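Protein chains in written order, with numbering that gives the first Met the number 0: chain G, 0 to 355; chain V, 0 to 355. Accompanying notes for the structure given below.
2 protein chains.
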Amino acid sequence: MRLATVEATPNIAVVKYWGKRDEELMLPNNGSLSFTMDETLKTRTTLAFSPEFKEDEAWINGEKLDEKALKKVIKALDAVREAAGTSEKAKLVSINGFPTAAGMASSASGMAALACAANEVLGLGLDSKGLSILARRGSGSACRSVLGGFVEWRRGEKEDGSDSYAIQVTDENHWPEIRNVIAVVDHGEKKVSSRAGMKQTIETSPLYSARQQYLPKVIEDVKAAVLAKDFNKFGELVMRESNDLHSVMLDTWPPILYLNDVSKEIIYAVHEYNENAGKIVAAYTFDAGPNAHVYTTEDQVKGIKEMLSKIKGIQKTVVCKVGAGPKKLSDGHLIAEDGSVKKHHYDAEKNGIVVE
Amino acid sequence: MRLATVEATPNIAVVKYWGKRDEELMLPNNGSLSFTMDETLKTRTTLAFSPEFKEDEAWINGEKLDEKALKKVIKALDAVREAAGTSEKAKLVSINGFPTAAGMASSASGMAALACAANEVLGLGLDSKGLSILARRGSGSACRSVLGGFVEWRRGEKEDGSDSYAIQVTDENHWPEIRNVIAVVDHGEKKVSSRAGMKQTIETSPLYSARQQYLPKVIEDVKAAVLAKDFNKFGELVMRESNDLHSVMLDTWPPILYLNDVSKEIIYAVHEYNENAGKIVAAYTFDAGPNAHVYTTEDQVKGIKEMLSKIKGIQKTVVCKVGAGPKKLSDGHLIAEDGSVKKHHYDAEKNGIVVE
Chain G
0 MRLATVEATP NIAVVKYWGK RDEELMLPNN GSLSFTMDET LKTRTTLAFS PEFKEDEAWI
60 NGEKLDEKAL KKVIKALDAV REAAGTSEKA KLVSINGFPT AAGMASSASG MAALACAANE
120 VLGLGLDSKG LSILARRGSG SACRSVLGGF VEWRRGEKED GSDSYAIQVT DENHWPEIRN
180 VIAVVDHGEK KVSSRAGMKQ TIETSPLYSA RQQYLPKVIE DVKAAVLAKD FNKFGELVMR
240 ESNDLHSVML DTWPPILYLN DVSKEIIYAV HEYNENAGKI VAAYTFDAGP NAHVYTTEDQ
300 VKGIKEMLSK IKGIQKTVVC KVGAGPKKLS DGHLIAEDGS VKKHHYDAEK NGIVVE
Chain V
0 MRLATVEATP NIAVVKYWGK RDEELMLPNN GSLSFTMDET LKTRTTLAFS PEFKEDEAWI
60 NGEKLDEKAL KKVIKALDAV REAAGTSEKA KLVSINGFPT AAGMASSASG MAALACAANE
120 VLGLGLDSKG LSILARRGSG SACRSVLGGF VEWRRGEKED GSDSYAIQVT DENHWPEIRN
180 VIAVVDHGEK KVSSRAGMKQ TIETSPLYSA RQQYLPKVIE DVKAAVLAKD FNKFGELVMR
240 ESNDLHSVML DTWPPILYLN DVSKEIIYAV HEYNENAGKI VAAYTFDAGP NAHVYTTEDQ
300 VKGIKEMLSK IKGIQKTVVC KVGAGPKKLS DGHLIAEDGS VKKHHYDAEK NGIVVE
């Protein structure tokens, strides 16, 4: 049995991925941009391969996946086996250091960790491009989490997806003051999964094609603002992009409504906060859920947290920095040498993963 | 002193007016469609002119308008005086049989009643086209309330607005089964007025121009569905149009969010109701506020009301039929012969306007 353990972190998009041009290869209709988060939020994954394993098995957050949930993991493992030229079965044990679902994007960090762990354990020798493509096959936006800093997922043009992968625009040291204040609004499961939702949007929203036309310019504008560290410009672009995305969601048939009254209050509060500041110093962005990601700079975090503390319905806030990307661990494996799953849990208070 | 009294009713658009091409003449960027409601909701207006009046005065819902609120009325009276070739000052007394603001469109019935009363008292001899243009000058969507039944406000092309007015597509007897179940969600004042909101949308929403391009086809499709009395088709078009409008509102900068969590619950409940029915038998539409207007047919009203009764946050429901348009009253004037304002109030329980 060979094994490797990797920790990866989520990325929070500022120009969103919404709509595939190839469901099987997970090829997007548009490019996207994100910051990879630091280890405040993370997924640890241990991946083991052995000729003795009879079947693929996976545990996520201490629970063994049933047949249905396992399918997505097997699909990702098949892509790994194809790259390695092996037919060995695998054991995967993964734990998230944050609540799953409700827009916290654990699939991105999870699938990025899986790709990186596979690269290590099977000695694939992949560079970031290869890792990104492998992660993308598991979950589209995971392809951005194989790199740290400020990351662009290029749409690509080719049918085989070989030019649709993430590149690092700037590393985590370019704009170290950037913070993401996450307002956790609701831990509940989403009504419409993003996978189903984006398919519906493409098929039914009359506004979607208009959005696709100007997104390439938005991407260039956001990149320019980040390179210039111009928060005023960056923040406006980020908020307008979030609103634009949720517009085409609402325009979908049947409509997709991820924002709720608490999200609305956060939107109004951020606009008021910026008005008081006389410029844009905070920028909300919402994924496929009601949680707010308020991008800001270090000097504003205290004020933002105060502002958010006045809004009823926010369960907690989490402040993230920009992170360096996935990290290989030499200990803390979640699988023992005899192939059994070690006892492990996430200690939220210590923000750490504990392996017994 | 000469006076006339008219009652007019609101209209609830199924293809909405959002965006002006001329702020002064109230010329719209797109055509729109609505049903005029019956007298369940109404505005009664008495308008008097006299050479002895020193200044324009107006009372709405028993309160004398202050200088700021009076300006909009004076603007409408000036348009009337221009049409009549008079400089006499006026007294206007108006009362709504329903809560103002929060998307109940009292300005439409109010301005339609003013135009019709002016036509009577000054003997202008206007036909529905002339009345519609006069009402439009007071409040855009008021131009649709001068007619009963199913009404189209034609966008028009001319700069002077002479071809931008309402026509009746079908009268109130064409599809008498149509009902509008209004779910009153919030009586509060709106955060963003529709006047300011639509201006912001034109100036800032990148999706707005795409919407403008397909609206003419939507209008033709809705008209065809109404003429064919095809509720399944009509309902889908109405809901998609409402969602599309609220999408460009959300896409506005800063964003305009009229829908709230109760609106969302109503949207979900209507979709579920239709799924259970196996076809579309109920269709929500939202104006510039959280209130839902659920268009349906007579046979479904009981079921719709039951469905709405399970949603927390709905203050009350009001069921309207399609109405016949404004009505001239020979008594029940709100101004006495000596020019004084008569004591009057709206009795919600009896759904009547009481003049002492």
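Virtual Cβ for every residue (Gly too), placed ideally from N, Cα, C. Owing to the predicted nature of the structure, the values given are computational and were not obtained by experimental measurement.
{"Query": "What would DSSP say about His292 of chain V, mapped onto helix, strand or coil?", "Result": "strand"}
{"Query": "Taking only beta-carbon atoms, is Pro215 of chain G less than 7 Å away from chain V?", "Result": "no"}
{"Query": "For Lys349 of chain V and chain G, any beta-carbon pair shorter than 7 Å?", "Result": "no"}
{"Query": "Under a CB-based cut-off of 7 Å, is Ala209 of chain G close to chain V?", "Result": "yes"}
{"Query": "Less than 7 Å between the C-beta atoms of Arg210 of chain V and Val247 of chain V, yes or no?", "Result": "yes"}
{"Query": "Measure from the C-beta of Trp252 of chain G to each C-beta in chain V and report whether the shortest distance is under 7 Å.", "Result": "yes"}
{"Query": "Compare the C-beta of Pro27 of chain V with all C-beta atoms of chain B and state if any pair is closer than 7 Å.", "Result": "No chain B is part of this structure, whose protein chains are labelled G and V."}
{"Query": "Return the residue from the list G:His332, G:Gly160 and G:Val225 that minimises the CA-CA distance to Asn29 of chain G.", "Result": "G:Gly160"}
{"Query": "Check whether the segment 237–247 of chain V and the segment 53–65 of chain V touch, using three or more Cβ-Cβ pairs below 8 Å as the test.", "Result": "no"}
{"Query": "In chain G, what lies closer than 8 Å to Asp260 of chain V by C-beta?", "Result": "Asn259 and Asp260"}
{"Query": "Run through chain V and tell me which residues come within less than 9 Å of Ile266 of chain G, C-beta to C-beta.", "Result": "Pro253, Pro254 and Leu256"}
{"Query": "Please report whether the beta-carbon of Asn408 of chain G lies at a distance below 7 Å from any beta-carbon of chain V.", "Result": "Residue 408 of chain G lies beyond the residue range present for chain G, which begins at 0 and ends at 355; the question has no answer from this structure."}
{"Query": "Mind listing the chain G neighbours of His344 of chain V? Cutoff is C-beta to C-beta under 7 Å, in chain order.", "Result": "None at all; the shortest Cβ gap to chain G is about 35 Å."}
{"Query": "Which runs of the alpha helix (DSSP H), 4 residues or longer, sit entirely within the segment 57–95 of chain V?", "Result": "66–83"}
{"Query": "Alpha carbon to alpha carbon, what distance is there between Arg136 of chain G and Ala75 of chain G?", "Result": "6 Å"}
{"Query": "Could you pull the DSSP bridge partners for Pro27 of chain V from this structure?", "Result": "V:Lys19"}
{"Query": "Does the segment 321–331 of chain V come close enough to the segment 3–23 of chain V that 3 or more CB-CB pairs lie under 8 Å?", "Result": "yes"}
{"Query": "What is the C-beta distance between Val269 of chain V and Tyr283 of chain V, in whole angstroms, given that I count them as a contact (C-beta under 8 Å)?", "Result": "5 Å"}
{"Query": "Provide the residue(s) that pair with His343 of chain V in DSSP beta bridges, ordered along the chain.", "Result": "V:Val354"}
{"Query": "Give a yes or no on contact between the segment 122–131 of chain G and the segment 145–162 of chain G, applying the rule of three or more CB pairs nearer than 8 Å.", "Result": "yes"}
{"Query": "Tell me the rounded alpha-carbon separation between Ile177 of chain G and Met36 of chain V.", "Result": "54 Å"}
{"Query": "Identify each residue in the segment 162–187 of chain G for which the Cβ-Cβ distance to at least one residue of chain V is less than 7 Å, and report them in chain order.", "Result": "none"}
{"Query": "In chain order, what residues of the same chain have a beta carbon less than 8 Å from the beta carbon of Ile310 of chain G, not counting five sequence neighbours either side?", "Result": "Ala182, Val261, Glu264, Ile265 and Ala268"}
{"Query": "For Thr316 of chain V and Lys304 of chain V, which I take to be in contact (beta-carbon distance under 8 Å), what is that distance rounded to the nearest angstrom?", "Result": "6 Å"}
{"Query": "For Asp126 of chain G, is the classification buried or exposed, using 16 other Cβ atoms within 10 angstroms of its Cβ as the cut-off for buried?", "Result": "exposed"}
{"Query": "Are the C-beta atoms of Ser246 of chain V and some chain G residue less than 7 Å apart?", "Result": "yes"}
{"Query": "Going by beta-carbon coordinates alone, are Ala83 of chain G and Leu121 of chain G separated by less than 7 Å?", "Result": "yes"}
{"Query": "Can you check whether the CB of Ala112 of chain V is closer than 7 Å to the CB of Leu91 of chain V?", "Result": "no"}
{"Query": "Is the shortest distance between the beta-carbon of Asn273 of chain V and the beta-carbons of chain G less than 7 Å?", "Result": "no"}
{"Query": "Does Asp220 of chain V come within less than 7 Å of chain G when only Cβ atoms are used?", "Result": "no"}
{"Query": "Less than 6 Å between C-beta atoms, sequence neighbours within five positions excluded: which residues of the same chain meet that for Asn259 of chain V?", "Result": "Pro289"}
{"Query": "Which partner residues does Lys315 of chain G have in the DSSP bridge list?", "Result": "G:Val183"}
{"Query": "So is His332 of chain V in contact with chain G if we call contact Cβ pairs under 7 Å?", "Result": "no"}
{"Query": "For Ala47 of chain G, which option in G:Tyr207, G:Leu333, G:Asn350 and G:Glu348 has the closest C-alpha, if you only look at C-alpha atoms?", "Result": "G:Leu333"}
{"Query": "So, with DSSP's three-state summary, where would you put Glu202 of chain G?", "Result": "helix"}
{"Query": "Taking the beta strand (DSSP E) that Val280 of chain G belongs to, which residues open and close that run?", "Result": "Unbroken run through Val280 of chain G: none, as it is neither H nor E."}
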